[in-house]
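A.B. asks: Sharing a structure below in C-alpha cells format, with a few things to ask.
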Amino acid sequence: MKSRLSPFVLSMLIFGFAFLYLPIFSMIVYSFNASRMVTVWDSVHSPTLAWYLELFGNDEILEAAQLSFRIAAVSATGAVILATLAAFALVRYRRFRWRGLFGVLTTAPMVLPEVITGLSLLLLFVALEQWTGWPPGRGAATITIAHVTFCMAYAIVVIQARLATVDRSLEEAAMDLGARPWKVFMVITLPLILPAIASAWMLSFILSWDDIVITSFVSGPGSTTLPQLVFSKVRLGVSPDINALATILVGLVSVCVAVAGAVMMRTERRRLRDAQIATGAH
Amino acid sequence: MLGCGFADRGFPVNHRAFSGRWPRLRAELGRRSVIGLPFGWLLLFFAVPFLIVLKISVSNAVLAMPPVAPVLIWGHDRILQIHVQFSNYAFVLADRLYVAAFINSLRVAAVTTLLTLLIGYPMAYGISRTPGVWRNVLFMFVALPFFTSFLLRVYAWIGLLGRSGPVNGLLLHLGLIHEPIQLLQTDFAVYLGMVYSYLPFMVLPLYASIEKLDLTLLEAAADLGCRPTRAFFAITLPLTREGIFAGCLLVFIPAVGEYVIPALMGGPDTLMIGRVVWDEFFANRDWPVASALAIVLLVILSGFVFLLQKVQAQAEEAG
Amino acid sequence: MTVNPVQSNGGASGPYVRIDGVTKRFGDFEAVSHVSLDIAQGEIFCLLGGSGCGKTTLLRILAGFETPSAGSIFIDGVDVTAVPPYERPVNMMFQSYALFPHMTVAQNVAFGLRQDGVSKAAAAERVNEMLAMVQLEGYEGRKPHQLSGGQRQRVALARALVKRPKLLLLDEPLGALDKKLRERTQFELVKLQERLGVTFVIVTHDQEEAMTLASRIGVMRSGEILQVGSPTDIYEFPNSRYVADFIGSVNLFDGQLVVDEPDHCRIACAGLGVDIFVDHGVSAAPGAKVSVALRPEKIRLARERPEQRENVVMGSVSGIAYLGDSTRFLVLLEGGTQLQVTRPNFDRHDEHLEDNEVVWACWDAGSPIVVSR
Chain A
46 MKSRLSPFVL
56 SMLIFGFAFL
66 YLPIFSMIVY
76 SFNASRMVTV
86 WDSVHSPTLA
96 WYLELFGNDE
106 ILEAAQLSFR
116 IAAVSATGAV
126 ILATLAAFAL
136 VRYRRFRWRG
146 LFGVLTTAPM
156 VLPEVITGLS
166 LLLLFVALEQ
176 WTGWPPGRGA
186 ATITIAHVTF
196 CMAYAIVVIQ
206 ARLATVDRSL
216 EEAAMDLGAR
226 PWKVFMVITL
236 PLILPAIASA
246 WMLSFILSWD
256 DIVITSFVSG
266 PGSTTLPQLV
276 FSKVRLGVSP
286 DINALATILV
296 GLVSVCVAVA
306 GAVMMRTERR
316 RLRDAQIATG
326 AH
Chain B
6 MLGCGFADRG
16 FPVNHRAFSG
26 RWPRLRAELG
36 RRSVIGLPFG
46 WLLLFFAVPF
56 LIVLKISVSN
66 AVLAMPPVAP
76 VLIWGHDRIL
86 QIHVQFSNYA
96 FVLADRLYVA
106 AFINSLRVAA
116 VTTLLTLLIG
126 YPMAYGISRT
136 PGVWRNVLFM
146 FVALPFFTSF
156 LLRVYAWIGL
166 LGRSGPVNGL
176 LLHLGLIHEP
186 IQLLQTDFAV
196 YLGMVYSYLP
206 FMVLPLYASI
216 EKLDLTLLEA
226 AADLGCRPTR
236 AFFAITLPLT
246 REGIFAGCLL
256 VFIPAVGEYV
266 IPALMGGPDT
276 LMIGRVVWDE
286 FFANRDWPVA
296 SALAIVLLVI
306 LSGFVFLLQK
316 VQAQAEEAG
Chain C
408 MTVNPVQSNG
418 GASGPYVRID
428 GVTKRFGDFE
438 AVSHVSLDIA
448 QGEIFCLLGG
458 SGCGKTTLLR
468 ILAGFETPSA
478 GSIFIDGVDV
488 TAVPPYERPV
498 NMMFQSYALF
508 PHMTVAQNVA
518 FGLRQDGVSK
528 AAAAERVNEM
538 LAMVQLEGYE
548 GRKPHQLSGG
558 QRQRVALARA
568 LVKRPKLLLL
578 DEPLGALDKK
588 LRERTQFELV
598 KLQERLGVTF
608 VIVTHDQEEA
618 MTLASRIGVM
628 RSGEILQVGS
638 PTDIYEFPNS
648 RYVADFIGSV
658 NLFDGQLVVD
668 EPDHCRIACA
678 GLGVDIFVDH
688 GVSAAPGAKV
698 SVALRPEKIR
708 LARERPEQRE
718 NVVMGSVSGI
728 AYLGDSTRFL
738 VLLEGGTQLQ
748 VTRPNFDRHD
758 EHLEDNEVVW
768 ACWDAGSPIV
778 VSR
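Protein chains in written order, with our numbering: chain A, 46 to 327; chain B, 6 to 324; chain C, 408 to 780.
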C-alpha cells in the first residue's frame, strides 16, 4: 500500500528532526564565531578558525583525546572478542548449566543506571587491590575493564542477532566435510558474522569514547578522558573551543556513517544484481 | 568424467583414521572455554561487584566516614563486625531528601518516557512509511545523534538556552518577553535535555517494530471499511506494542538514574537520585549510604521491569 | 518395535550400514525409538514419513551430528557411534543445501578435500571432474546466490560426493525444486548413484520421491520404523492401516472378519452394503476387527451391473475431478460410504459419467488388502 504521509505525521517528522539537529547545527555555526561569549554572534570578526587553532594548541585536550581513543579501541576489541564467544554460547549451545544467569548477566549492563555500574566497579577495584594488590590504583586499565564490561552487553546483542540468522547447517556441512570445530568457526562462522562484528566494534568504540559517568567512578588522578575534560570545562562555564571540538567530532561521525551507508547501498545493489543473474541462469 | 563406481575402487582420498574419544574431549574443552571466558568476565566484573555493593551497604557508616582511608577502616570493620546492619537503609528511607529524590527521579523519567513516546511514535511511523532509499537515509539521521557525543549535545543546549543565547534572543525579538528569562538550571531544561537525549532510544525500537508490520493487514482493514485513523488504533498500535514496551524500557530505566543532564542543566534544587548517589560518593565520601541508595534504586527498577514484563505478558495473552 | 529388515535384492554380501537398536531422546521426548536397520552396499534407501517422525534425527545420527541415547551405528563393520562428524566416512547433502555463501562454487566443492590436506592443484582437478559430472562446467567462479535452485542442488551434490564417501546422506534432496525440475532430477540422481555405486540414504516426506528413487523404503512414524520393503511391497502390500493410508490414496473400510479359509476370506463392512471377498486367507481369529484397504485405481465403474457376483456395489456419482491423465470420481454408496475411484483416460472420447448418475463399482478379489486395525 503506497499511502502518502498524513500532514500530522509529516509535521511531526519535520519537528522531530529539527529538534534533533537544531543544537548540532547551532554548535557548528558558533564554532566559527569570533566572540568569546559563546552565545553572542560577533558579526564583525566571524567567521573565524580561531577556536580550531586554539583547540589544536591545547595539549590537555589532545592528550585526553588520545587517551580516550586508546581506551575506546582496546575496550571495543576486548568487548567484541568476549561478546562473540558469549553470543556463540547463547545461540549455538542451547542448553548448559547456569544459562539463565548467563543470559541475565549479558543483558543487565544495558539497562542498569550508569551510576550503579560505576559505583559497583569502583568498589570491586578497591576490594581487589586490597586483597590481591592488583590493580595498583585506578587509571587507564580500570577504565578499560569497566568499558569492556558494559560495551560487551551491546556487542552481544548485535552479534547474537546476526548469528541467529546464520543457518546452522552451514557449520554442520563444514564439519561433515572434515573441518574440526575450531576450523569451522574460523572459516565458516566468523566470515559470515564479520559485518555484525564490525558494527559491534564501532558501537562499542562510540560507547566507550562517549562514556562519562562510569569513567568518572573508575578513573584515577593521572588519567583524564576527553568526556571527563569536557564535563569539567562545561561545569565551569561554556567555552567556545568545545564548539570546535564538537564540530570536528560530528564531521568525523558523519563521514563514517556516510561511508557505511554507501557500502550498505552498494552491497544491496549487488545483491539485487546477483539475484537477477540467478533467475536468468536456469 | 568419472568412470564407473568409485566406492568399490577403494578410497584415493583418505578419511582421517578414527581417533576415538579424544576429539570429543577436545570439543568439550573448547565448548567450556567459549562459555567460560565471557561468563567468568561477567561474573567477576558485574556480578561480584554487586555483592560488594550489597556488603558495603550494610557496613557501619560511622567507621567509613573518615575521608582519608575509608578502605582500611572498612577492612577492620570486616573483622570486627560480622553482624549485618541495616541502619544505612533506615537512614536512606527515613530521610525526606532521599525519598523526594527517588520520587522526583521516577517522575522525571516517567514524563520523559511519555514525551519521547509521543514525539517518537509519529516519527518512527513516518520514517517507516517513507518510500525507498529515503527511509534508510532518515533512519540514519535518527541514529547519527546517537553516535555523536552525548555530552556535547547537552552542551549545545546549554549554549542555546543561556541568558544571552539564541532562544532568549528569539523570544525577545518576537516581543513575547521583555527581558531574558532563566531557562537553564530549571526543571524545564532538565526535561528538554532528557527528551532530547533519549529520543533516539525510543524511535529506533519503534521503527523496528512498525517496519515489520504487514501492510496487507491495513489493506484488509480498509477493504472491510475501516477508516485510516481507526485502522491505526485498531491494528497498527496493538501490533507494534512490542516496540513500545522496548522503547519505554530503554528510556525509562537509564532516565531514572541519569546524572549528567540534571548536573549540567538542572538547578541546585533539581534532586535526582543519580546525582544524589554521585554526591554521596564523591562529595560526602559516604560509601555505605551511596551503596544503600544504589541498592534501593536497583530494587525499584527491578520491580518496574518485573511489572512491565507482567503487563506485557498479560497483553500478549489478551490479544 | 523392532523390524526385521527384508534382505536386499541387490545381492550385496552382509549389511554395509547397520543401525543397531538406536534410540534418541531429547529430554522426555523420544525422537527415535529402538530402530534397527541394515542397509546393503550400493542401495538407495529411503526413510519416508511425515514431519516429526524421527527420520531426520536418524539421518543426523548417521552423519554424527547427534549421539544416540542408546544403540550403535556400524559402517562397513566399524563402530562409528562415538566418531565425530568430521572423522566419519560419510557425507551429507543438506535440505537447504548449506552452500557456503562467502565461497565460490569451486571453493565450496574443494572444501572437503582441503580439510584433508589435498594439495590445491589436485583438489582443483578433482573439482573440475565433479563439476563436469553434475554439468556445471564454467560455473566455478560463481557465488551460490548467483545460481538457480537446480544449480545449487547440483553444487551441493558435487560437494558431498567429492570426498568419495562410503555413504551419502540426502535430506529432502529435491524438496526445494519445482515440480518439473524435480521429476527430471530424480532420474539423474538415480543414474549418478548407479554409476558411482555409493550407498544413498535419503530422507523424504514425499512418497512419490521415495517411490521413484528408492530400492527400498522404510516408513517411519513417531520414531519407529513401521515397514521396510521395496516400493512395490509398500504400495501393494502395506502391513498396517497407517502405511496404506500414508502411501498413495486409498479407500479404508473398518470391518469384521466373518469367514477365514486358507483360500479366501470375507469381511463384513458396515456402510458398504456387501461383504468384501478376498482371494486369500489371513489366518486371524474369526470375528477379528480388521481394516480393508482398496486402492482407487483398482475399482472399476460401469453403468450396467457387472457380471461378477462378489465385490459389486451400487451408488451414485457425487463428485468428479478431471485430472487430465485420469479422472477421479467420488461414489456415494447406499450405505452412506464415499468411495474414491480413479479411472485412466485411455481415450479422448471415453464415455462420460455424469454427476448424480447411478453407477456400479466392482473390483477383483485380489485387490483388497486386509490389515490389522
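Where is the CB? At the ideal position from N, CA and C, for every residue including glycine.
(1) Leaving out five residues on either side along the sequence, give the residues of the same chain with a beta carbon under 8 Å from the beta carbon of C:A772.
(2) Counting only the same chain and skipping the five closest in sequence on each side, list residues whose C-beta sits under 8 Å from that of C:M499.
(3) Counting only C-beta atoms, is C:N793 closer than 8 Å to chain A at any point?
(4) Flag this pair as yes or no: are the beta carbons of A:T93 and A:A79 separated by less than 8 Å?
(5) Kindly identify the DSSP beta-bridge partner or partners of C:K696.
(6) Do we get a CB-CB distance below 8 Å when we pair A:D319 with the residues of chain C?
(7) Could you give the C-beta distance for B:L166 and B:L189, rounded to a whole number, given that I count them as a contact under 8 Å?
(8) Tell me whether B:P171 is buried or exposed, calling it buried when 16 or more other Cβ atoms sit within 10 Å of its Cβ.
(9) Ignoring anything shorter than 3 residues or poking outside the region 629-673 of chain C, list the beta strand (DSSP E) runs there in chain order.
(10) Pull up the DSSP beta-bridge partners for C:L737, would you.
(11) If you draw a straight line from the alpha carbon of A:V211 to that of C:H552, how long is it in whole angstroms?
(12) Anything in the region 116-135 of chain B with a Cβ closer than 8 Å to a Cβ of chain A? List those residues in chain order, please.
(13) Can you list, in chain order, the residues of its chain with a C-beta nearer than 7 Å to that of B:V265? Leave out the 5 residues immediately preceding and following it.
(14) If you run the structure through DSSP and keep just helix, strand and coil, what is A:V203?
(15) Have a look at B:P233 and A:F141 and give me their C-alpha separation to the nearest angstrom.
(16) Below 8 Å on C-beta distance, what does A:T151 contact in chain B?
(17) Per DSSP, C:S479 forms a beta bridge with which residues?
(18) Can you check whether the CB of A:A224 is closer than 8 Å to the CB of A:V232?
(19) Would you say B:I108 touches the ligand GDP, meaning its beta carbon is less than 7 Å from a heavy atom?
(20) With a CB to CB cut of under 7 Å and the five nearest residues on each side skipped, what residues in its chain are close to B:V76?
(21) Along chain C, which residues have their Cβ under 7 Å away from the Cβ of A:P240?
(22) Using the beta-carbon of each residue, which ones in chain A are nearer than 7 Å to C:G519?
(23) For the pair the region 160-174 of chain A and the region 46-58 of chain B, tell me if three or more CB-CB distances fall below 8 Å.
(24) Once the 5 residues before and after B:P210 are set aside, which same chain residues still bring their CB inside 6 Å of it?
(25) Taking just the CA atoms, how far does C:V738 sit from C:T749?
(26) What are the boundary residues of the beta strand (DSSP E) that C:T606 is part of?
(27) List, in order along the chain, the chain C residues whose C-beta lies closer than 9 Å to that of A:L237?
(28) At which residues does the beta strand (DSSP E) containing C:W767 begin and terminate?
(29) Contact check, B:V261 vs B:L111 under 8 Å by CB: the rounded distance?
(30) Are the C-beta of C:Q448 and some C-beta of chain A separated by less than 8 Å?
(31) Could you tell me which residues DSSP puts in a beta bridge with C:N718?
(32) With 8 Å as the threshold, decide whether the Cβ of A:F114 is near any Cβ in chain B.
(33) Between A:E313 and chain C, is there a C-beta pair that is closer than 8 Å?
(34) With DSSP as the reference, identify every bridge partner of C:V497, one or two as the case may be.
(35) In chain A, which residues lie with their C-beta within 7 Å of the C-beta of B:R36?
(36) With A:N103 and A:D286 assumed to form a contact (beta carbons below 8 Å), what rounded beta-carbon distance in angstroms separates them?
C.D. replies: On the basis of the data shown:
(1) The residues H671, F684, V685, D686, E717 and N718, in chain order, have a CB closer than 8 Å to that of C:A772 in the same chain once the five nearest residues on each side in sequence are set aside.
(2) Correct list, in chain order: L466, A470, A567, L575, L576, L577 and D578.
(3) Since the first and last residues shown for chain C are 408 and 780, residue 793 of chain C lies out of range.
(4) Going by C-beta atoms, A:T93 is nearer than 8 Å to A:A79.
(5) Note: C:K696 is bridge-paired with C:Q663 in the DSSP secondary-structure output.
(6) Among the CB atoms of chain C, one or more fall inside 8 Å of the CB of A:D319.
(7) Taking 8 Å as the upper bound for CB-CB distance, B:L166 and B:L189 are in contact here, some 5 Å apart.
(8) Buried, by the Cβ-count rule.
(9) Complete beta strand (DSSP E) runs here, min 3: 631-636 and 658-668.
(10) The partner list for C:L737 (beta bridge, DSSP) reads C:G726 and C:Q747.
(11) Distance between the alpha carbons of A:V211 and C:H552: 15 Å.
(12) Within the region 116-135 of chain B, the qualifying residues are I124, G125, P127, M128, Y130, G131, I132, R134 and T135.
(13) Contacts found: L156 and V159.
(14) Judged by DSSP in its simplified three-state form, A:V203 adopts helix.
(15) Whole-angstrom Cα-Cα distance: 49 Å.
(16) What A:T151 touches in chain B: P43 and L47.
(17) Paired residues: C:D427.
(18) Yes, the Cβ-Cβ distance between A:V232 and A:A224 is below 8 Å.
(19) Ligands in the displayed structure: none, and consequently the ligand GDP is not present.
(20) Bear in mind that a pLDDT of 40 at B:V76, under 50, signals an unreliable position, so the number given afterwards is only what the model happens to contain. Closer than 7 Å at Cβ, skipping near neighbours: no residue.
(21) Neighbours of A:P240 on chain C: none; closest Cβ ~11 Å, over 7 Å.
(22) Below the 7 Å Cβ cutoff, chain A contributes L222 and G223 as neighbours of C:G519, in chain order.
(23) Using a C-beta cut-off of 8 Å, the region 160-174 of chain A makes contact with the region 46-58 of chain B, since at least three inter-stretch Cβ pairs fall below that distance.
(24) Close CB contacts of B:P210 within its chain, under the 6 Å cut and outside five residues either way in sequence, are with G248, A251 and G252 (chain order).
(25) Taken atom to atom, the span from the alpha-carbon of C:T749 to that of C:V738 is near 11 Å.
(26) T606 to T611 is the span of the beta strand (DSSP E), which, as asked, contains C:T606.
(27) What A:L237 touches in chain C, judged by beta-carbon distance under 9 Å, is F507, P508 and H509, going in chain order.
(28) Segment V765 to C769, the beta strand (DSSP E) holding C:W767.
(29) About 6 Å separates the two Cβ atoms, so the contact holds.
(30) Not flagged as an interface residue toward chain A: C:Q448, since no C-beta distance is shorter than 8 Å.
(31) Bridge partners of C:N718: none, in fact.
(32) No - not a single Cβ of chain B is within 8 Å of the one on A:F114.
(33) Taking Cβ atoms only, chain C never reaches closer than 8 Å to A:E313, which makes this a no.
(34) Looking at the DSSP output, C:V497 shares a beta bridge with C:L574.
(35) What B:R36 touches in chain A: Y138.
(36) Beta-carbon to beta-carbon, A:N103 and A:D286 are separated by about 7 Å, close enough to satisfy the 8 Å threshold.
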